[in-house]
Each structure stands twice: as C-alpha cells, then as structure tokens.
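Line by line, the protein sequences give chains A and B. Going letter by letter, the first sequence gives residues 409 to 537 in our numbering. Going letter by letter, the second sequence gives residues -8 to 386 in our numbering. Yeah, the Cβ is synthetic: ideal placement off N, Cα and C, and Gly gets one too.
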Amino acid sequence: MPIYSKKVMDHFMNPRNVGEIEKPDGIGEEGNPVCGDMMTFYIKVKNNHLEDVKFKTFGCGAAIAVSSMVSEMAKGKTLEEAMKITPQLVADELEGLPKNKFHCSNLGAQALHKAIKDYLSKEKKGGKK
Amino acid sequence: MRKVYLDNAATTPLLPEVREAMVPFLEDMFGNPSSLHEWGDCGRDALGEARNQVAGLIGADAEEIIFTSGGTESNNLAIKGLAQAQQAKGKHVVVSAIEHFSVLHSARTLEKWGFEVSEVPVDKYGMVDPENVRQKLRKDTVLVSIMHANGEVGTVEPIQEIARITRERKIPFHTDAVATAGTIPLDVGELGVDALSLAGNGFYGPKGVGALWVRKGVRIMPLLDGGVQEGGRRAGTENVPAIVGLGKAAELAVANMPERIKQQAPLRDRLLKELPARIERVVVTGHPQNRLPGHASFCVEFIEGESMLMLLNSRGIAVSSGSACTSRALKASHVLIAMGLPHEIAQGSILFTLGVNNTLEDIDYVLETMPPIVDRLRQMSPLYAKFVKSGKGGK
C-alpha cells in the first residue's frame, strides 16, 4: 500500500494555487529547510475575504499536498473562517496523513494564519488599502 | 510505461537461477540439518555446499562462516559478540561516523553495557582517514569496525590500510561489507580484517539471510542462546532455502562479477557526469573515483528528496533518498551530515543504485525525466525563488 492517500497523491501530483502573488496583502512563512519542510503563503484580501491564496513549498509529498489543500480550503473564506482551519481539518480533508508526517509536514494552516496576521497587523498600522 | 528499478542498494532482485536452487528446499528437501536421518542429511549437505560457496566469494575457510538472518544480525553479532568476548582486555570500541545503524546502534548498546565508543570522522567524500583511526586507538581498545563501502554515498573505504594499523596493535577489526560483498572483488586475507558481514539481498540472493565471517581463533559471544548450530555461535534451526539461495548467489557473483562491473560502471559514470551537466546546482555525494561500480548519488539543491522520489516513481523510476522526510525517524541522513553537508542540502539527497538488469536506455530515460521533475519542484520551492532573486541563478 502506498504511504499516502489518493487525495494526498492528487494534491501532490496536481497542486492547486502554486506560486506567488505580486504585491500580496499578507505573507506567512512556517517551518525551515533544516527540518525538511518550509511553506510560504501569500494572500490577497478583499472585503474581509481571501480573494486569492497562493503558496510556495519546499518539502515532501505531504507538505506539498497540505499546502495545496489549505489554499483550496481558504480561498473565498472570510478571515475569521480561515483562521479556524486547523491541521486536523486539513489532514481530514486529505483523507489522512501518515502518523509521522502529521506534525512536521502539516504546517500549511499555521503559514496561512501567519499571512492573515501579517495582513491584520499592516491594516492596524493604517498601511496600504 | 517504462519501469526502471534503480534502488539496488535497498535490495537487489532475486536471480532466476537463485530461485531455482531454493525451490527444492521449500518442497521435498525440507529436512532439519540437525536431524540424523536421510532428510536431515539432505539439509546438512545443502548447508555445507552453501558454506563453501559463500567462503569462496570472500576467500575464507568454510568453517569460518556463520549464517545469520541478514546484514543487521551479522553486524549486531560482530559488534556485541566480539566486544563482549574481549571485554577482559578492555572496554573501548572504535567505529566510523557513517556506519549503518545496525553497527551504530549496537555500539550504543555496548555503551549501556559499560563500554566506551569512539567515532572516527570522515572527510567531505565520506572517506575515513586511517590515521584518524590510529589516533582513536587506546590501550583498552578491543574492537574496530569500519564499513567496506557506504551504501548511501558509495564511497569505498581504505580497509587494507586500516587493517595494517589494527594488526600492529593486535586489535580485532570488523568490516561491514554488505555494500561490497558480491559486488566488488573482496578477499578477507588481502583486506586483513578479522570479521566481515555480508547480506544475501545485496547480490541477487534472498532477503533475510546473510553471514558473518570470523577469522579462526577470534573469539565471539553468541547473541542467541539455544542449540549448537553454526558451531554454537548462532543457535536456531537454519533457514535452509534462504541459505541455499545465498550460496547460489555467491557462486554467481564470483562467476559474473567482472561482467557486471563492466556493464554498470559506464552507466554510473554517465549519470555522475550528465545529471550535474543537465541540472544546475546538483552536487555528487561520495567519492568521485573510489566508489561502488553501480552507485550514483547526488544532492539537488532547493528541493526535497521525497517529493523527487515520488515524482520519479510516477514515471516508473525507483530510487532512494537520505532526506529527513524519507526516513521514518524524520532525520536527515547521518552519513551526509557527517560529511559536512548542511541540512538543507542533505534534504535534496537522491541515489541511483544500478543492478544487472539496467541498460543505457534506462539511464537515458532518467536523464530525460529528471530535469523537468526538478524544474517543477523548484518552481514550487521558496528556497529556489530566493536563489533566483539573489541573482545567482543561471541556465
């Protein structure tokens, strides 16, 4: 049996929303290459909704699939809804992750949340938009 | 789709001749070699023949061969058994930093038993300097274990030179030859070692069978207590079909080794030369010349090994990686780290290990398939984006 579910393989082989956003409203980075996985999320916000979500990921199959899934789950949601995406929900949507990959590769939600917080802190400062 | 198996360091396929030799011992010739009747005779004869065949592979005497359940058991038996048998003389053991876990973790167990263990470093090619071994030796050193070649980076170690030093000091010297036995010419007399581990699935024999050679006169404590099989050094009814397979594989290795090397070395050289030429920022790991004939290993910068492995698998190509994500312990290869590679580069580890079935077409298929896979993963990689922005990216 392959170690990954069909859903993980689908998101790994055909990742959604890969890339960077030019002039993003928020950027969030999580993990580091030393431990093997690193993800950067870029968001565009309009009327409190995630109008666009893109990511770049260095890591294993699970890390790439998680990033893709998070981007898909987050797109179109309000910021509050997106903040409620948890690693467990992501893993559930992916029909499970191997046990040893759950913590190290499942950093997508945290990276997304960092991007949202980045946006909110810029907003507070009365920055752009 | 084309299927290309390039993970012979993990295991080689079983040769049809080996399988054929094994089958009678899974059928009518099922006797226990310890039995005194006709069925037992048959098993005993088979064991004897296999012992001669394995001894022939490494230039040993047949009675010096102990059959085991594979490389891991051979290494456990060597490290724990030799150290324990010598402990009246001292409790210090020397190993290299890049040994297989079956050696390193056995050494760790020795520490729990009150031994001290010193690790010899390696250079950037994964090569042990014999002088560094000499420096680690103490009055109470009772065992040195340095592998013949490393399966992850392919580097062949200067065993003869190290043996000269251990012999002067009369310290037993074990070498883990799982990566070399049946692959490159090997003679225990020439090497000058006192014990040597080998495994069946390293050279087209079955899994779950191996051997430890221990020079006559060198004492060893058994790991398993029980009957007096294998001269009392390894209790338990022998795995006759697998041992017969091991013997046959050894015989075939002796007969076909020059031809196998002639077939694989040029394919390896093509990979070693062409992959770094076709993909920027690829480094060869291991020694450029002193390496196993079928071993080509690399680190591809800015991407991670498991994702490369999976995309290659989706194109029918089987390889290995030493990245953290591919190990169950989620740690980057201790071999690459000992060679001084930074963690983020070690994550991009990938190794191609050739076998008797590989052809030039296989290699060309890899050379054609790899660049777009690397490119695809790099387009996803934040590390590559940073590299490109730094202005160093070319090609």
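{"query": "Does the region 47 to 67 of chain B come into contact with the region 177 to 192 of chain B, if we say contact requires no fewer than three beta-carbon pairs (one atom in each stretch) closer than 8 angstroms?", "result": "yes"}
{"query": "Can you tell me whether Y412 of chain A is helix, strand or coil according to DSSP?", "result": "coil"}
{"query": "Along the region 304 to 319 of chain B, where does the CB come closer than 7 angstroms to a CB of chain A? Name the residues.", "result": "S305, S314, A315, C316 and R319"}
{"query": "Between L300 of chain B and V291 of chain B, how many whole angstroms is the CB-CB distance? I'm expecting something under 8 angstroms.", "result": "L300 of chain B to V291 of chain B, Cβ: 11 angstroms. No contact."}
{"query": "Give me the DSSP bridge partner(s) of A190 of chain B.", "result": "B:G201"}
{"query": "Run down chain A in chain order and give the residues with a C-beta less than 8 angstroms from the C-beta of I294 of chain B.", "result": "F466"}
{"query": "Tell me whether G236 of chain B is buried or exposed, calling it buried when 16 or more other Cβ atoms sit within 10 Å of its Cβ.", "result": "buried"}
{"query": "Where G191 of chain B and A74 of chain B are concerned, what is the direct C-alpha to C-alpha distance, given to the nearest angstrom?", "result": "25 angstroms"}
{"query": "When Cβ atoms are compared, which residues of the region 475 to 490 of chain A fall closer than 8 angstroms to chain B?", "result": "none"}
{"query": "Against P539 of chain A, what residues of chain B qualify as contacts under a CB-to-CB distance less than 8 angstroms, listed in chain order?", "result": "The structure shown does not extend to residue 539 of chain A, since chain A is modelled only from 409 to 537, so the question has no answer here."}
{"query": "Can you tell me which residues form a DSSP beta bridge with T59 of chain B?", "result": "B:G201"}
{"query": "Check whether the Cβ of V498 of chain A lies closer than 8 angstroms to any Cβ atom in chain B.", "result": "no"}
{"query": "Measuring alpha carbon to alpha carbon, tell me which of B:A337, B:H96 and B:G196 ends up nearest E242 of chain B.", "result": "B:G196"}
{"query": "Closest Cβ-Cβ distance between N508 of chain A and chain B: below 8 angstroms?", "result": "yes"}
{"query": "In angstroms, rounded to a whole number, what distance separates the CA positions of K386 of chain B and E271 of chain B?", "result": "Residue confidence for K386 of chain B is low, a pLDDT of 44 falling below 50, so the modelled location carries little weight and cannot support an answer."}
{"query": "Quick check on the burial criterion: 16 or more other C-beta atoms within 10 angstroms. Buried or exposed for T228 of chain B?", "result": "exposed"}
{"query": "Can you give the Cα-Cα distance for E295 of chain B and G444 of chain A, rounded to whole angstroms?", "result": "7 angstroms"}
{"query": "Is it buried or exposed for S475 of chain A, if we count other Cβ within 10 angstroms and need 16 for buried?", "result": "buried"}
{"query": "How would you list, in chain order, the residues of chain A whose beta-carbon sits under 9 angstroms from the beta-carbon of A376 of chain B?", "result": "E428, T448 and K464"}
{"query": "What number of angstroms, rounded off, separates the C-alpha of M421 of chain A from the C-alpha of V219 of chain B?", "result": "55 angstroms"}
{"query": "Assuming R251 of chain B contacts V347 of chain B (C-beta within less than 8 angstroms), just tell me the rounded distance between them.", "result": "6 angstroms"}
{"query": "For the region 469 to 535 of chain A, which segments carrying the beta strand (DSSP E) assignment without a break, of at least 3 residues, lie completely within its bounds, in sequence order?", "result": "none"}
{"query": "For the beta strand (DSSP E) that contains S87 of chain B, what are its first and last residues?", "result": "H83 to S87"}
{"query": "Between which two residues does the beta strand (DSSP E) carrying S136 of chain B extend?", "result": "T132 to S136"}
{"query": "If we cut at 8 angstroms on Cβ distances, does S298 of chain B have a partner in chain A?", "result": "yes"}
{"query": "Is the shortest distance between the beta-carbon of Q338 of chain B and the beta-carbons of chain A less than 8 angstroms?", "result": "yes"}
{"query": "For N456 of chain A, count the other beta carbons within 10 Å of its own beta carbon; 16 or more makes it buried, fewer makes it exposed. Which is it?", "result": "exposed"}
{"query": "Measuring only the C-alpha atoms, how far is D276 of chain B from T317 of chain B?", "result": "Looking at the sequence itself, residue 276 of chain B is Thr, so the reference to Asp does not match. Rounded to whole angstroms, T276 of chain B to T317 of chain B spans 17 angstroms at the Cα level."}
{"query": "Checking 8 angstroms against the spacing of the C-beta atoms, do A473 of chain A and V416 of chain A come in under that value?", "result": "yes"}
{"query": "Starting from the N-terminal side, write out each stretch of the beta strand (DSSP E) that is 3 residues or longer and does not extend beyond the region 352 to 380 of chain B.", "result": "none"}
{"query": "S314 of chain B lies in the alpha helix (DSSP H); which residues open and close that run?", "result": "Careful: S314 of chain B lies outside any alpha helix (DSSP H) and carries neither H nor E."}
{"query": "For the region 93 to 166 of chain B, which segments carrying the beta strand (DSSP E) assignment without a break, of at least 3 residues, lie completely within its bounds, in sequence order?", "result": "107 to 111 and 132 to 136"}
{"query": "Under 8 angstroms Cβ to Cβ from V9 of chain B, same chain only, skipping five residues before and after it: list those, please.", "result": "Y195, G196, P197, G236, K239, A240 and L243"}
{"query": "Determine the extent of the alpha helix (DSSP H) in which M446 of chain A is found, giving its start and end residues.", "result": "Looking at the DSSP string, M446 of chain A is not in any alpha helix (DSSP H); the run it does join, the beta strand (DSSP E), is D445 to K454."}
{"query": "Please list, in chain order, the residues of the region 432 to 457 of chain A that have any C-beta partner in chain B closer than 9 angstroms.", "result": "E437, N440, P441, V442, C443, G444, D445, M446, M447 and T448"}
{"query": "Taking Cβ positions, are L134 of chain B and H96 of chain B nearer each other than 8 angstroms?", "result": "no"}
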